[in-house]
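First residue of the sequence shown? That's 1 in our numbering, and the numbers climb one at a time after it.
Glycine included, C-beta positions come from ideal geometry on N, C-alpha and C.
All of these numbers come straight from a predicted model, not from anything done at the bench.
Notes follow the structure.
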Amino acid sequence: MKILVTGNMGYIGPSVIRQLRSSYPGATIVGLDIGYFAHCLTTNGILPECMVDLQYFKDVRFVEKETLKDVDAIIHLAAISNDPMGNTFEEVTLEVNHRASVELARKAKEVGVKTFVFASSCSMYGAAEDSARTEKAPLNPLTAYARSKVFTERDLEPLASKRFKVTSLRFSTACGMSDRLRLDLVLNDFMAGAVASKRITILSDGTPWRPLINVRDMARAIDWAISRDVANGGNFLAVNVGSDGWNYQVKDLAEAVANQIPGVEVSINKDAQPDKRSYKVNFELFRKLAPQHQPQVDLITSVRELKEGLEKIAFKNENFRESNFMRLNTVKQLQNRGLLNEKLEWIKK
Ligand SMILES: NC(=O)c1ccc[n+]([C@@H]2O[C@H](COP(=O)([O-])OP(=O)(O)OC[C@H]3O[C@@H](n4cnc5c(N)ncnc54)[C@H](O)[C@@H]3O)[C@@H](O)[C@H]2O)c1
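This is how it looks when you write it as C-alpha cells:
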C-alpha cells in the first residue's frame, strides 16, 4: 500500500503520519508539502518528516500525474487553513483549497488512485447554533475558507465512483499538541495565554459554539476513511467528524483551561461584535459508520497535554498572537522577506 499525505508538514500532519505508521506498518508513506511552516517546530528532536519514506517539496497546484502513479490512497490536508488567511489571501485560498484540490483528485482518479480523503471542515455550517447540524442541513459558509471547502466537496462528489472512493471529513476545530503547533486555534490559544501570562483573553463575548476534536482523534478518523466500506456511506461520503459531547461554548473552553492552572484570569470582551461563526454539530452519522474510530481523547486530557507540551518547551511568549505559531503571521513574514509572491508561491532566486 502506498499512501500520499499532502500538507503533512503542518499542524495535523505529524499525528496523521504516526497513526498511519502504526495502522499500516508495511505501507510506503509519502509526504507532499510546499513547506510554509517547515521552520515552525516545537521539537528539537527528530524532524516529523523523517517518519515518511519520501518527502516531496511541491505545490499542490502543480502536481504532475507522475507523482501520483502507484499511489493507493491520498490524504489531502494541504490548504490555506483558516479564516484569517482566507480573508487576507482570498483568491489563493480558493485556488489552493478548491481548484487545486479538485484537480488533484481528478488526476488521481485518472492514474488509478483508489481512495481520496479530503480534510473538510464543520465551519461550512457557519451560523448554526439553534440546533446541531447533520450532514443534510443546508450549508452557510461565512468566510472564503469555509466557501472553499463547500466548493471542493461539491466538485469532488461527481468524481467518486466504484473505483475512486472519496471521503470528505468535516472536521471539528482541532486542538492538542503537535510538532508544528498552531496557536490560532481556540483551545490552544487559551492554553498559551494561561501558561505564558496567566491570562486568557477571549476575543468574542464567549458565547459562540464550537465543536472540538483532538488532533490524534482526527488522525484516527482519517485512518477509518482510508479503509471504510462503501457498502455503508457510498462511493462519496461527507461526514461530520467529532463527538456530540464536544460541542462547547468558547467561554466553557476558557474555563476548562483556567481550572487547570491556579490564578488564571479570564477576560471576556463584552463589547465584541457578535461572532457569527457559531455552530453546533450532530455526529450521529460518524458514530454509526465508524464505531471503532470514535474520538477517545476528552477535553481535560487535551487541556493537560497542551499544558505539559507548552511547559516542556518553556513557552513564555506573552505576545504569541504576534508569533510564528499563528499561520497568517508566518506567511506574511515570508512575503515581507521577499520569499513568497502574491500567489504564495516561493520566489526561487
Ligand atoms: N486545524 C483545524 O482546526 C482544522 C479543522 C478542520 C479542517 N482542517 C483542515 O485540515 C487540513 C490541515 O490543517 P492544519 O491545521 O494541519 O493546517 P496547517 O496550516 O498547519 O497545515 C497545512 C499544510 O498545507 C501546506 N500547504 C498549503 N498550501 C500548499 C500548497 N499550495 N501546496 C502544498 N502544500 C501546501 C502548508 O505548508 C502546511 O504544511 C487543512 O485542509 C484544514 O483546512 C483543519
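Check your understanding: When the distance is taken between beta carbons, is Glu-318 closer than 9 Å to Ala-196?
Key -> Position 196 of the sequence shown holds residue 196. Position 318 of the sequence shown holds residue 318. Between Ala-196 and Glu-318, the gap from beta carbon to beta carbon is short of 9 Å.
Point to revise | 9 Å Cβ cutoff met for Val-16 and Ile-222 | key: The sequence position of residue 16 within the sequence shown is 16, counting from 1. The sequence position of residue 222 within the sequence shown is 222, counting from 1. In terms of Cβ geometry, Val-16 and Ile-222 form a close pair [threshold 9 Å].
Exercise for review: Put His-98 into one of helix, strand or coil per three-state DSSP.
Suggested key: As a position in the sequence shown, residue 98 is number 98, starting the count at 1. Reduced to three states, the DSSP call for His-98 is helix.
Exercise for review: Determine, using beta-carbon pairs with one atom in the region 327-339 and one in the region 256-265, whether at least three such pairs fall under 8 Å.
Suggested key: Flag = no, the region 327-339 and the region 256-265 do not touch.
Check your understanding: Which two residues bound the contiguous alpha helix (DSSP H) that contains Thr-330?
Key -> Position 330 of the sequence shown holds residue 330. That run of the alpha helix (DSSP H) goes 327-336.
Review point. Going by the beta-carbon positions, is the gap between Arg-180 and Gly-13 smaller than 9 Å?
Key: Reading the sequence shown from its first residue, position 180 is the one you call residue 180. Reading the sequence shown from its first residue, position 13 is the one you call residue 13. Yes, the Cβ-Cβ distance between Arg-180 and Gly-13 is below 9 Å.
Check your understanding: The beta strand (DSSP E) spanning Asp-179 covers which residue range?
Key -> As a position in the sequence shown, residue 179 is number 179, starting the count at 1. Counting along the chain, Asp-179 falls outside any beta strand (DSSP E), and DSSP gives it neither H nor E.
Practice item. Taking all protein chains shown into account, decide if Cys-50 is buried (16 or more other Cβ within 10 angstroms of its Cβ) or exposed. Key: Here residue 50 refers to the residue found at position 50 when the sequence shown is read from its first residue. So Cys-50 ends up on the exposed side.
Check your understanding: DSSP state of Lys-276, grouped into three classes?
Key -> Residue numbering aside, residue 276 sits at position 276 when the sequence shown is read from its first letter. Three-state DSSP puts Lys-276 in coil, outside helix and strand.
Practice item. Look at the alpha carbon of Lys-203 and the alpha carbon of Thr-115, and state the distance between them as a whole number of angstroms. Key: Within the sequence shown, numbered from 1, the residue matching residue 203 stands at position 203. Within the sequence shown, numbered from 1, the residue matching residue 115 stands at position 115. The question names Lys, but residue 203 is Leu in the sequence shown. Answer to the nearest angstrom: the Cα atoms are 40 Å apart.
Review point. Buried or exposed: Leu-183, going by 16 or more other Cβ atoms within 10 Å of its Cβ?
Key: Working through the sequence shown from its first residue, we reach residue 183 at position 183. By the neighbour-count criterion, in which 16 or more other beta carbons inside 10 Å mark a residue as buried, Leu-183 falls on the buried side.
Exercise for review: Assign Phe-286 to one of two classes, buried (16 or more other C-beta atoms within 10 Å of its C-beta) or exposed (fewer than that).
Suggested key: Reading the sequence shown from its first residue, position 286 is the one you call residue 286. By the 10 Å Cβ count, Phe-286 comes out buried.
Practice item. Specify the secondary structure class of Glu-265 as computed by DSSP and reduced to three states. Key: Mapped onto the sequence shown, residue 265 falls at position 265. Strand, per DSSP.
Review point. According to DSSP, is Gln-19 helix, strand or coil?
Key: Stepping through the sequence shown from its first residue, residue 19 is reached at position 19. Correct three-state label for Gln-19: helix.
Practice item. Could you check if Asp-33 is buried or exposed, using at least 16 other CB atoms within 10 Å of its CB as the buried criterion? Key: Numbered from its first residue, the sequence shown carries residue 33 at position 33. Burial call: buried.
Check your understanding: In this structure, does DSSP put Ala-79 in helix, strand or coil?
Key -> Against the sequence shown, residue 79 aligns to sequence position 79. In the structure shown, Ala-79 sits in coil (DSSP, three-state: anything other than H, G, I, E or B).
Exercise for review: Would you tell me roughly how many angstroms separate the C-alpha atoms of Gly-126 and Lys-280, rounded to the nearest one?
Suggested key: Against the sequence shown, residue 126 aligns to sequence position 126. Against the sequence shown, residue 280 aligns to sequence position 280. Taking the straight line joining both Cα atoms gives about 10 Å.
Point to revise | For Pro-211: DSSP bridge partner residues | key: What you label residue 211 is simply residue 211 of the sequence shown in a count that begins at 1. In the DSSP output, where bridge partners are listed per residue, Pro-211 has Asn-247.
Practice item. Compute the minimum distance between the beta carbon of Gly-309 and the heavy atoms of ligand 1, and state whether it is under 8 Å. Key: As a working mapping, residue 309 is identified with position 309 in the sequence shown. Gly-309 has its Cβ no nearer than 8 Å to any heavy atom of ligand 1.
Point to revise | For Val-257 and Val-303, believed in contact at Cβ under 8 Å, the rounded distance | key: Residue mapping note: residue 303 aligns to position 303 of the sequence shown, counting from 1. Residue mapping note: residue 257 aligns to position 257 of the sequence shown, counting from 1. Taking C-beta atoms under 8 Å as the contact rule, Val-303 and Val-257 qualify, at a distance of about 6 Å.
Practice item. Consider the C-beta atom of Phe-89 and the heavy atoms of ligand 1; say whether any pair is separated by less than 8 Å. Key: Your numbering for residue 89 matches position 89 in the sequence shown. No, the Cβ of Phe-89 stays beyond 8 Å of every heavy atom of ligand 1.
Review point. Thinking just about the alpha-carbon of each residue, which of Ala-174, Asn-269, Asp-189 and Lys-198 is nearest to the one in Ser-243?
Key: Residue 243 sits at position 243 when you count from the first residue of the sequence shown. Ranking Ala-174, Asn-269, Asp-189 and Lys-198 by Cα distance to Ser-243 puts Ala-174 first.
Check your understanding: With respect to 8 Å, is the separation between the Cβ of Thr-42 and the closest non-hydrogen atom of ligand 1 below this value?
Key -> Start at 1 with the first residue of the sequence shown, and residue 42 comes out as number 42. No.
**Study point:** Contact set for Ser-278: own chain, Cβ-Cβ below 8 Å, skip 5 residues either direction
**Key:** Translated into positions along the sequence shown, residue 278 becomes position 278. Within the same chain, Cβ atoms closer than 8 Å to the Cβ of Ser-278 are found at Ala-127, Ala-128, Glu-129, Thr-207, Pro-208, Trp-209 and Arg-210, the five residues on either side in sequence being excluded.
Practice item. Please state whether DSSP places Lys-2 in a helix, a strand or coil. Key: As a first step, residue 2 is located in the sequence shown; it is residue number 2 there, counting from the start. Collapsing the DSSP output to three states places Lys-2 in a strand.
Review point. Where DSSP assigns a beta bridge to Gly-31, which residues make up the other side?
Key: Position 31 of the sequence shown, counted from the start, is the residue given in the question as residue 31. Beta-bridge partners of Gly-31 (DSSP): Val-5 and Gln-55.
Review point. By the 10 Å Cβ neighbour count, where 16 or more other Cβ atoms means buried, how is Arg-337 classified, buried or exposed?
Key: As a working mapping, residue 337 is identified with position 337 in the sequence shown. Exposed, since its Cβ has fewer than 16 Cβ neighbours within 10 Å.
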